[in-house]
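If you read the protein sequences in the order shown, they are chains A and B. 240 is the number that our numbering gives the last residue of the first sequence; the numbers go up by one with no jumps. 438 is the number that our numbering gives the last residue of the second sequence; the numbers go up by one with no jumps. Please read the structure below before turning to the comments.
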Amino acid sequence: MKFSFARGALALIAALSLASCGGGKATFPINVNVSNVLYPGLILSTGGQEVAVAPPADPTKSVDVVFPQELEYGQTYDVVPKGQAVNSDGSINYGANPKHQTCSVSTIYPYNLPTSGTAGQLAKIQMYYVCAINAYPLTGKIVGLTGKGLVLANGSTASAVSVTPATDTAGAATGADIALTMGSVAYGTTYGVTVLTQPEKQTCTVAGGANGKGAGTMDDAAEAAKGVNDLLVTCVNNPS
Amino acid sequence: MKSSILRAGVALACALGLAACGGGDGDLYLTGSITQGVTKDGLVLQNNGGDDLAIPANATSFQFANRVSTDDQFDIKVKSMPSNVSNCYISNGSARANYYTIAQISMYCVIKTHKLSVKVNGLTTSGLVIVNGTDRKEVPANATTQAMADVYEDGPYGVTILTQPTGQTCTVSGGSSGNGSGTMGSTDLIDNVVVTCA
């Protein structure tokens with residue numbers, strides 16, 4: 001008798017606790033926090049839903065957005081900038097990002113939370129996106145370089161770039177054109193390439209860029225051209 | 241009888257185990273990561289006031305020669321710094337050694353910066369813009385000097401004209417390479433780079 005009473009009590013407790021789990025219908029809002037949004041254009045999407053993220057009045061603050069429809073237990077989500085995909089040629093379409101920016105998932109603990117999953121896996125669906133200003137390459141070529149020791153710099157912005165002359169199979173300098181890569185420049189900032197150290201027995205001058213002398217601004221035109229690619233460093237022999 | 245043999249055996253095993261852990265040669269390598277700022281030789285770290293460890297330029301990690309034992313106290317301090325840094329900081333450098341605590345050690349140094357101030361000669365009109373990489377400065381008419389952003393010691397600088405002023409043409413000279421660019425030394429660079437307008 002005592003035994004069966006205990007069983008009955010257990011069954012009752014179990015039933016009550018199940019009921020308390022079910023109570024109402026649990027749904028899961030998809031919460032996204034986005035920081036460093038400086039320009040409009042970001043649209044996040046998951047499963048046909050979209051939410052636009054506008055830059056905040058105070059650019060140092062982050063933006064919290066919630067997708068319009070909450071998920072039910074077991075529904076999956078995968079939040080990306082709308083249209084993000086890998087193209088057939090292997091390149092990446094980053095989707096609907098803010099103008100001049102690209103947003104990606106935070107990599108910093110404890111904000112490096114998954115952007116995809118199944119509702120109910122975690123108590124709350126929350127993720128953190130961080131947007132960064134796009135940077136574009138600063139490239140061109142060097143002509144006539146035969147001396148060793150040429151070092152170029154883009155001001156104090158990045159490490160200086162050392163360039164060695166092209167050589168033939170015997171190791172003699174040929175003076176052939178050399179591709180120049182100065183590192184990337186963020187949208188909206190300036191660049192100014194100078195000769196930090198002249199090569200042995202030669203003098204090099206910098207041309208190209210927006211002002212024709214190796215300097216300019218990574219502006220809309222440069223962004224549309226996917227960077228500056230017309231730097232021209234010309235090296236001539238010093239009079240002997 | 242049997243149980244007393246077992247006890248003795250256990251005691252022996254314990255003694256051996258302790259012996260293996262003790263001495264100067266422990267079971268844990270005392271290592272750490274270097275996140276930034278070590279661009280020159282001269283950094284020396286110490287553990288518990290000894291075991292000097294010289295760290296070469298551009299190292300990204302360090303490991304003391306002497307190993308430590310689990311539960312030993314370690315205390316890593318900077319004995320000397322590279323000449324181009326203002327300070328070095330160690331995180332989690334002092335604790336009792338175990339697999340967790342020795343995996344948490346990191347350090348970085350802060351490289352000194354120095355002022356870069358450009359002398360301006362002959363500028364009478366407005367519109368001059370000079371840049372040092374991404375550092376952009378608009379120079380007002382009749383200015384005789386223009387401060388740029390600070391530059392890291394041993395780091396490059398290169399001042400160039402982005403936009404010429406109205407009706408004048410300016411050129412840049414000076415700096416350690418003579419054309420307005422160079423490598424920052426160990427003191428402020430005042431009036432060494434010169435913009436001359438005519």
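All C-beta atoms in this analysis are idealised placements derived from N, C-alpha and C, irrespective of residue type, glycine included. These numbers come from a predicted model, not from an experiment.
Closer than 8 Å to chain B by CB, valine 228 (chain A): no
Keeping to the same chain, check which residues put their C-beta closer than 8 Å to that of glycine 23 (chain A); ignore five residues upstream and five downstream. Note that glycine 23 (chain A) has pLDDT 49, beneath the 50 cutoff, so the model's placement of it is unreliable and the number below is only indicative. Excluding sequence neighbours, glycine 23 (chain A) sits near nothing in its chain.
Measuring CB to CB, does methionine 321 (chain B) end up less than 8 Å from isoleucine 274 (chain B)? no
Mapping the DSSP letters down to three states, classify valine 371 (chain B) as helix, strand or coil. Residue state, collapsed to three classes: strand.
Only counting the same chain, and skipping five residues up and downstream in sequence, which positions put a Cβ closer than 6 Å to that of glycine 395 (chain B)? Met424
Quick check on threonine 139 (chain A) - is its C-beta less than 8 Å from some C-beta in chain B? Chain B contact via Cβ: absent.
I want to verify the contact list: residues of chain A whose CB lies under 9 Å from the CB of arginine 336 (chain B), in sequence order. Ordered by position in chain A, no residue passes the 9 Å Cβ test against arginine 336 (chain B), which lies about 24 Å from the chain.
Taking the alpha carbon of aspartate 312 (chain B) as the reference point, which residue from B:Ser417, B:Asn419, B:Leu268 has its own alpha carbon closest? Comparing C-alpha distances from aspartate 312 (chain B) to each of B:Ser417, B:Asn419, B:Leu268 shows the shortest one belongs to B:Leu268.
Buried or exposed for proline 55 (chain A), going by 16 or more other Cβ atoms inside 10 Å? buried
Would you report the Cα separation of alanine 210 (chain A) and alanine 294 (chain B), rounded to the nearest angstrom? Each residue's Cα considered, the two are about 47 Å apart.
Counting only beta-carbon separations shorter than 8 Å, does asparagine 154 (chain A) have a partner in chain B? yes
Taking buried to mean at least 16 other C-beta atoms within 10 Å of its own C-beta, is isoleucine 345 (chain B) buried or exposed? buried
Can you name the residues that DSSP bridges to isoleucine 401 (chain B)? B:Ile370
If you draw a straight line from the C-alpha of alanine 19 (chain A) to the C-alpha of leucine 71 (chain A), how long is it? The pLDDT assigned to alanine 19 (chain A) is 49, lower than 50, so where the model puts this residue is not dependable, and the model offers no usable value.
Mind checking the segment 390-412 of chain B against chain A and listing, in chain order, the residues whose C-beta falls within less than 8 Å of any C-beta there? Val391, Tyr392, Gly395, Pro396, Tyr397, Gly398, Val399, Thr400, Ile401, Leu402, Thr403
Can you pull the DSSP bridge partners for proline 241 (chain A)? In the structure as shown, chain A begins at 1 and stops at 240. Residue 241 (chain A) is therefore absent and cannot be evaluated.
Mind listing the chain B neighbours of alanine 215 (chain A)? Cutoff is C-beta to C-beta under 8 Å, in chain order. Val371, Thr400, Ile401, Leu402
Checking contacts by CB at 8 Å: is alanine 160 (chain A) closer than that to chain B? yes
Looking at the structure shown, is threonine 427 (chain B) part of a helix, part of a strand, or coil, going by DSSP? coil
Take every Cβ of the segment 136-146 of chain A, pair it with every Cβ of the segment 169-178 of chain A, and state whether three or more of those distances are shorter than 8 Å. yes
Taking three-plus beta-carbon pairs below 8 Å as touching, is the segment 351-366 of chain B in contact with the segment 374-389 of chain B? yes
Return yes when the Cβ of tyrosine 397 (chain B) is within less than 8 Å of the Cβ of isoleucine 351 (chain B), no when it is not. no
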